[in-house]
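Protein sequence lines, in the order shown, are assigned to chains A and B.
Per my numbering, the very first residue in the first sequence carries number 26; after that it's consecutive.
Per my numbering, the very first residue in the second sequence carries number 26; after that it's consecutive.
A virtual CB, placed ideally from N, CA and C, is assigned to each residue, including glycine.
Predicted model only: the values in this text are computed from it and were never measured.
Below is one structure, written out as structure tokens, with a few remarks after it.
2 protein chains.
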Amino acid sequence: MKLSSSMEDYLEAVGELCNQKGAARVKDIASKLNVTTPSVVSAIKNLKRKQLVEQERYGFVRLTRQGEKTARSIIRRHQVLYHFLINVLGLDYETASKDACRIEHAVSKQTLERLLAAADYIEQESRQGLNWSYEFQKYYADREDSERT
Amino acid sequence: MKLSSSMEDYLEAVGELCNQKGAARVKDIASKLNVTTPSVVSAIKNLKRKQLVEQERYGFVRLTRQGEKTARSIIRRHQVLYHFLINVLGLDYETASKDACRIEHAVSKQTLERLLAAADYIEQESRQGLNWSYEFQKYYADREDSERT
DNA sequence: GAAATAAGTTAGATCAGGCTAACTTTTGAT
DNA sequence: ATCAAAAGTTAGCCTGATCTAACTTATTTC
Chain A
26 MKLSSSMEDY LEAVGELCNQ KGAARVKDIA SKLNVTTPSV VSAIKNLKRK
76 QLVEQERYGF VRLTRQGEKT ARSIIRRHQV LYHFLINVLG LDYETASKDA
126 CRIEHAVSKQ TLERLLAAAD YIEQESRQGL NWSYEFQKYY ADREDSERT
Chain B
26 MKLSSSMEDY LEAVGELCNQ KGAARVKDIA SKLNVTTPSV VSAIKNLKRK
76 QLVEQERYGF VRLTRQGEKT ARSIIRRHQV LYHFLINVLG LDYETASKDA
126 CRIEHAVSKQ TLERLLAAAD YIEQESRQGL NWSYEFQKYY ADREDSERT
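Below is the structure:
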């Protein structure tokens with residue numbers, strides 16, 4: 026039962042709002058995703074049909090058991106990606122955040138696991154004195170400099 | 026003048042077909058992208074409007090000057106990503122290919138440049154005896170093993 | 001507790017991108 | 001040169017995701 030990118034975004038937003046406030050309101054989902062409330066309503070209707078979300082009429086939105094599971098994996102995907110972009114590639118938060126939002130819908134399980142492993146591996150290495158990230162940042166900066174000439 | 030993912034796919038396909046055969050035929054674009062010819066026709070109409078492509082009625086499709094430039098950058102994006110997935114993360118061709126196709130529409134210029142730099146850096150390191158990829162593959166394999174227990 | 005405000009919903013439009021079916025033009029075989 | 005097959009096109013439909021405008025229900029405030 027695959028979700029579209031868009032539905033993943035909604036489920037992710039519901040998940041995050043539930044995590045931080047216990048339940049999600051339509052208007053908060055809307056403002057988080059920069060869409061209008063009718064868009065949220067129709068998306069929620071869709072997620073209800075898929076049994077990922079529950080909502081009493083005019084009330085709060087909450088995740089079902091299955092919804093929680095799915096949301097968790099979507100959020101994890103985002104997190105892993107974001108972490109990788111920042112801690113391995115050394116991107117700024119702004120760019121990392123935007124790219125993570127878009128790329129997350131496109132990475133396979135396999136790729137994701139390797140991105141995570143790479144970040145972990147590099148972190149482990151750095152505890153042993155071989156600071157990959159630092160060396161790479163230096164390399165990257167130099168290379169950028171030389172391109173500007 | 027930003028292109029949708031879908032339009033990027035069409036332009037990329039036209040670019041590749043032109044590279045290998047000098048011009049693209051509607052049916053070849055269709056089979057490359059797994060869509061029907063009417064879909065191609067309407068996409069081409071769109072790319073014509075954007076001046077990225079030319080075509081005499083019932084004839085071949087070719088890139089304009091601007092189209093070539095754009096196609097080149099899209100193709101490069103794909104290539105860089107594919108290379109990274111294989112040579113840095115160690116994914117199999119199949120997965121790398123599929124993921125590259127989907128992720129390419131989502132990576133920013135900044136992320137792309139760093140992915141490229143990371144791949145180059147690692148390659149350079151490996152010429153100096155520090156075989157990152159090899160070590161990482163080992164790390165990854167071990168970690169997968171221990172998860173299976 | 002009634003009126004005003006906020007939140008949620010419904011109806012209906014639009015747009016992109018895909019499809020099928022039917023048609024036209026081009027190509028190629030005899 | 002003709003006519004069958006292949007390639008390209010057009011028309012029209014469908015789905016997903018968005019929007020605005022208008023409406024309904026809940027909440028807040030006096």
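Counting C-beta atoms within 10 angstroms of its own C-beta, Tyr-146 (chain A) has 16 or more neighbours from the protein chains shown and is therefore classed as buried. Among the residues facing chain B, Gln-135 (chain A) is included, as its CB has a counterpart in that chain under 8 Å away. For Glu-129 (chain A), there is no enclosing alpha helix (DSSP H), since its DSSP letter is neither H nor E. The alpha helix (DSSP H) runs of length 4 or more contained entirely in the stretch 48 to 83 of chain B are, from start to end of the chain, 51 to 58, 62 to 74. If you draw a straight line from the Cα of Arg-127 (chain B) to the Cα of His-103 (chain B), it comes to about 9 Å. Boundaries of the alpha helix (DSSP H) around Arg-90 (chain B): 90 to 112. The beta-carbon of Ile-128 (chain B) is placed less than 8 Å from the nearest beta-carbon of chain A. Secondary structure of Arg-173 (chain A) (DSSP, three-state): coil. Contact annotation for Gly-40 (chain A) against chain B: no contact, minimum CB-CB distance about 21 Å [criterion: below 9 Å].
Those residues of the stretch 135 to 160 of chain A placed with their C-beta closer than 9 Å to a C-beta in chain B are Gln-135, Thr-136, Glu-138, Arg-139, Leu-140, Ala-142, Ala-143, Asp-145, Tyr-146, Ile-147, Gln-149, Glu-150, Leu-155, Trp-157, Glu-160, ordered along the chain.
Taking a Cβ-Cβ cut-off of 8 Å, Tyr-107 (chain B) has no neighbours in chain A, whose nearest Cβ is about 12 Å from it.
Sequence-distant partners of Met-26 (chain A) (beyond 5 residues in either direction) whose C-beta falls short of 8 Å from its own C-beta, in its chain, are Lys-75. With a cut-off of 8 Å on Cβ pairs, the stretch 111 to 128 of chain B is not in contact with the stretch 84 to 97 of chain B, counting fewer than three such pairs. Among the residues of the stretch 44 to 55 of chain A, none has a Cβ less than 7 Å away from any Cβ of chain B.
Each of A:Gln-135, A:Glu-119, A:Val-113 was checked against the Cα of Lys-163 (chain A), and the nearest Cα belongs to A:Val-113. Residue environment analysis places Asp-170 (chain B) among the exposed positions, since fewer than 16 neighbouring C-beta atoms fall within 10 angstroms of its C-beta. Residue contact check for Asp-170 (chain A) against chain B: no CB pair falls below 8 Å. Residue burial is scored here from C-beta neighbours: Tyr-165 (chain A) has at least 16 other C-beta atoms within 10 angstroms and is therefore classed as buried. According to DSSP, Arg-87 (chain B) shares a beta bridge with B:Glu-79. Under the three-state reduction of DSSP, Asp-34 (chain B) is assigned to helix.
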